[in-house]
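S.K.:
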Amino acid sequence: MKSGRSPPRSAHYQLLPLYHLNTTSPHKDFTLYSTKPSPSGWKVAVIMEELGLNYDTIWIPVLVDHLNADFVIWDSSAIMLYLIERYDKEGKITVQSAAEKAVMMQWLFYQSSSQGPMFSQLFYFGWRLPERMPTAIKRYQDELIRIFAVLEGVLKKAKEDGKDWLVGDKLTVVDLSFVIWNHFAPFLMSTYERTFAISQDYPHVFAWHKRMTERPGVKRILEQHAEYNDSFAALSAMWK
Numbered sequence: 001m002k003s004g005r006s007p008p009r010s011a012h013y014q015l016l017p018l019y020h021l022n023t024t025s026p027h028k029d030f031t032l033y034s035t036k037p038s039p040s041g042w043k044v045a046v047i048m049e050e051l052g053l054n055y056d057t058i059w060i061p062v063l064v065d066h067l068n069a070d071f072v073i074w075d076s077s078a079i080m081l082y083l084i085e086r087y088d089k090e091g092k093i094t095v096q097s098a099a100e101k102a103v104m105m106q107w108l109f110y111q112s113s114s115q116g117p118m119f120s121q122l123f124y125f126g127w128r129l130p131e132r133m134p135t136a137i138k139r140y141q142d143e144l145i146r147i148f149a150v151l152e153g154v155l156k157k158a159k160e161d162g163k164d165w166l167v168g169d170k171l172t173v174v175d176l177s178f179v180i181w182n183h184f185a186p187f188l189m190s191t192y193e194r195t196f197a198i199s200q201d202y203p204h205v206f207a208w209h210k211r212m213t214e215r216p217g218v219k220r221i222l223e224q225h226a227e228y229n230d231s232f233a234a235l236s237a238m239w240k
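Residue numbers for the sequence shown, in UniProt numbering: 1 to 240.
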């Protein structure tokens, strides 16, 4: 079955329709299998853009590394850790000391066990489930607010120490892992009964997110995401 529209091309990757699922891509070094709406797949794409890797995308959440005997790995966080371990030799988006690596893993686990699941449940109960369940929606709205409050507190403390990022004094894979789901937050909270103003209530999260979305690689992925998900095309405007 073909996808509904012709995907754009870029210097780094090609988004292939589903009927190419069982083929290889000899002109690219990697094949990233994902789904169009899935933040987890787009999360990996952000890291691949940041590392300047040459890849195809097919819509299922798995990565095939053609540079490493077609090594296959699944789960977005595991994929990102594999990519930085094998292809970030210069430490562009990772850290070196044991302590900083431990903190990096801490935040990566927090993203994959708290932010991702809680935000996805809010999306499910708020937008995918046919019948409305106010109690479930409120539960996950409260979780989103709690997670934003955690991030705000940590980023505020970092700024007081003269730093802008979650780990050390540089952008890492951990910061980038939060971008896609955070980008959804204004949309996810658009039915919230009270005010949800990120720039006012979470100014350090707002500034952190804006710094990342201004990066060329992140910007390319968000533009691709908007093109493939028409209902989310206004997400960037919600962050202004």
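Using N, Cα and C, we set each Cβ at its ideal position, and we do this for glycine too.
Can you name, in chain order, every residue of its own chain whose Cβ lies under 6 Å from the Cβ of tryptophan 208, other than the five neighbours on each side?
M.R.: One-based indexing of the sequence shown puts residue 208 at position 208. Within the same chain, tryptophan 208 has close Cβ partners Leu155.
S.K.: How far does the alpha helix (DSSP H) with histidine 181 in it extend, from its first residue to its last?
M.R.: Here residue 181 refers to the residue found at position 181 of the sequence shown. In the sequence as displayed, the identity of residue 181 is tryptophan instead of histidine. 179 to 188 is the extent of the alpha helix (DSSP H) around tryptophan 181.
S.K.: Given glutamate 100, which residues of its chain have a CB within under 7 Å of its CB, disregarding the five upstream and five downstream residues?
M.R.: As a position in the sequence shown, residue 100 is number 100, starting the count at 1. Excluding sequence neighbours, glutamate 100 sits near Val167 and Gly168.
S.K.: How about tyrosine 55 and threonine 94: are their beta carbons less than 9 Å apart?
M.R.: Taking the first residue of the sequence shown as position 1, residue 55 is located at position 55. Taking the first residue of the sequence shown as position 1, residue 94 is located at position 94. Not in contact: tyrosine 55 and threonine 94 (Cβ atoms no closer than 9 Å).
S.K.: By a C-beta neighbour count over all protein chains shown, 10 Å radius and 16 as the cutoff for buried, is lysine 28 buried or exposed?
M.R.: By 1-based counting over the sequence shown, the position of residue 28 is 28. Buried.
S.K.: Please return the same chain residues whose Cβ sits closer than 8 Å to the Cβ of threonine 172, not counting the five positions on each side in sequence.
M.R.: Position 172 of the sequence shown, counted from the start, is the residue given in the question as residue 172. Closer than 8 Å at Cβ, skipping near neighbours: Ile93, Thr94, Val95, Met104, Trp165 and Leu166.
S.K.: Given that a residue counts as buried once 16 or more other Cβ atoms are within 10 Å of its Cβ, and exposed if not, what is leucine 222?
M.R.: Here the question's residue 222 lines up with position 222 in the sequence shown. Buried is the call here.
S.K.: Give every residue of the same chain whose Cβ lies closer than 6 Å to the Cβ of glutamine 224, excluding the five residues on either side of it in the sequence, and list them in chain order.
M.R.: The residue given as residue 224 occupies position 224 in the sequence shown. Around glutamine 224: no qualifying Cβ.
S.K.: List the DSSP bridge partners of leucine 63.
M.R.: The residue you call residue 63 lines up with position 63 of the sequence shown. In the DSSP output, where bridge partners are listed per residue, leucine 63 has Leu32 and Ile73.
S.K.: Can you give me the C-alpha to C-alpha distance between proline 186 and phenylalanine 178, rounded to a whole angstrom?
M.R.: Sequence index remark: in the sequence shown, residue 186 carries index 186 (1-based). Sequence index remark: in the sequence shown, residue 178 carries index 178 (1-based). The alpha-carbon atoms of proline 186 and phenylalanine 178 are separated by roughly 14 Å.
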